[in-house]
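Notes to accompany the following structure.
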Amino acid sequence: MRLQNKVAVITGAASGFGAGTARLFATEGAAVVVADISDEAGESVADSINSSGGKAVYVHADVTSRDDTRNMIDAAEKLGGRLDILINNAGYSHPNKEFATVTDHEFDRVYDVNVKAVFIAIQEALPVFRRNGGGCIINTSSTAALRPRPGLAVYCSSKGAVSNLTKALAVELAPDKIRVNAICPVIGETGMLETFMGVPDTPENRKKFEATIPLGRFSTPNDIAQTLLFLSSDDAEFLTGVALEVDGGRCV
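Residues 4 to 255 in this note's numbering are what the sequence shown lists, from first letter to last.
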């Protein structure tokens with residue numbers, strides 16, 4: 004098992020990429036804190052892990068709240084006595100639409116969830132990582148940070164911030180043996196699919212977006228989970244400051 008005896012916190016873990024990652028990490032030996040605001044779905048993910056012989060706990064965590072985030076980190080120490088891996092996966096976007104129509108509330112929400120929440124989570128995790136002699140942080144950026152598209156300018160810029168924050172912290176935290184990486188997924192089969200497309204989720208509309216991806220399909224939770232597993236494992240112990248494209252060739 005590649006994560007034996009490690010403890011991971013995964014935000015946005017009640018569904019989509021986060022849920023797939025939580026389940027895979029548990030099968031690879033990690034004790035997992037399933038953090039989300041969707042209580043019923045989050046409890047279900049944790050219960051499914053525990054019933055399959057893994058170890059998990061669900062924590063209600065609004066990632067924009069420092070108190071909730073602190074509780075999330077505390078839950079990791081209660082679950083496994085330490086914290087080894089922090090996956091900042093929770094994300095938000097306003098619907099795909101013209102930039103001139105984006106509201107102040109939508110802008111603030113995008114930056115609070117996508118950027119400030121990463122800032123808060125890393126600050127709260129740092130003392131634990133330092134006590135443990137190191138750790139691994141992975142932030143979910145996006146191909147939108149590399150190949151921005153119309154209708155999602157605010158979202159794209161927030162993910163650009165995540166990628167740059169990742170690289171800056173990789174250098175700053177290296178002396179503490181804390182690795183900081185990011186992944187850049189292409190549009191995927193999650194609850195936000197229609198939000199990103201800006202059109203109804205129909206087979207015809209999917210084909211238009213899939214045509215922009217050389218490998219010819221959207222990303223899946225398993226694609227993302229397998230990538231996060233590699234970056235979290237000791238196999239990637241010399242990788243830090245990487246923003247890895249998981250995109251079927253979209254950014255080539």
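Just so it is clear, CB atoms sit at the ideal spot from N, CA and C, and this is done for glycine as well.
Just so we're clear, the structure is a prediction, and the values are computed from it rather than from any experiment.
Could you work out which residue in the options is closest to residue i when comparing CA atoms only?
| i | options | result |
| --- | --- | --- |
| Asn53 | Thr72, Ile40, Ala29 and Ser41 | Ala29 |
| Ile123 | Leu89, Ala17 and Gly191 | Leu89 |
| Cys187 | Thr169, Met200, Val105 and Asn99 | Thr169 |
| Pro153 | Phe102, Lys180 and Pro206 | Phe102 |
Can you tell me the Cα-Cα spacing of residue i and residue j, whole angstroms?
| i | j | result |
| --- | --- | --- |
| Thr198 | Val113 | 13 Å |
| Val245 | Glu127 | 22 Å |
| Asp65 | Leu6 | 26 Å |
| Met4 | Ile125 | 26 Å |
| Val59 | Glu80 | Rather than Val, the amino acid found at residue 59 in this sequence is Ala. C-alpha separation (whole angstroms): 12 Å. |
| Cys159 | Thr243 | 22 Å |
| Leu234 | Met195 | 24 Å |
| Arg143 | Asn92 | Here residue 143 is Thr; the residue named in the question, Arg, does not match the sequence. Taking the straight line joining both Cα atoms gives about 5 Å. |
| Gly138 | Gly83 | 14 Å |
| Lys100 | Lys162 | 17 Å |
| Met200 | Pro151 | 13 Å |
| Leu155 | Ser96 | 8 Å |
| Phe110 | Leu172 | 24 Å |
Would residue i and residue j qualify as a contact pair, given that the criterion is a beta-carbon distance under 8 Å?
| i | j | result |
| --- | --- | --- |
| Ala228 | Leu27 | yes |
| Asp250 | Val189 | yes |
| Ala44 | Val35 | no |
| Val12 | Met75 | yes |
| Val10 | Arg85 | yes |
| Asn184 | Ile141 | yes |
| Glu31 | Leu232 | yes |
| Arg253 | Asp179 | no |
Under 8 Å by Cβ, that's how I've got residue i and residue j pegged, so tell me the actual separation to the nearest angstrom.
| i | j | result |
| --- | --- | --- |
| Gly15 | Asp42 | Not quite, the Cβ-Cβ distance comes to about 14 Å (not below 8 Å), so this is no contact. |
| Asn225 | Gly23 | 6 Å |
| Ala17 | Val62 | Not quite, the Cβ-Cβ distance comes to about 11 Å (not below 8 Å), so this is no contact. |
Could you check if residue i is buried or exposed, using at least 16 other CB atoms within 10 Å of its CB as the buried criterion?
| i | result |
| --- | --- |
| Thr230 | buried |
| Ala116 | It is worth fixing the name first, because residue 116 is Val in this sequence and not Ala. Classification of Val116: buried, given that the 10 Å Cβ count is 16 or more. |
| Gly219 | exposed |
| Phe241 | exposed |
| Ser222 | buried |
| Val37 | buried |
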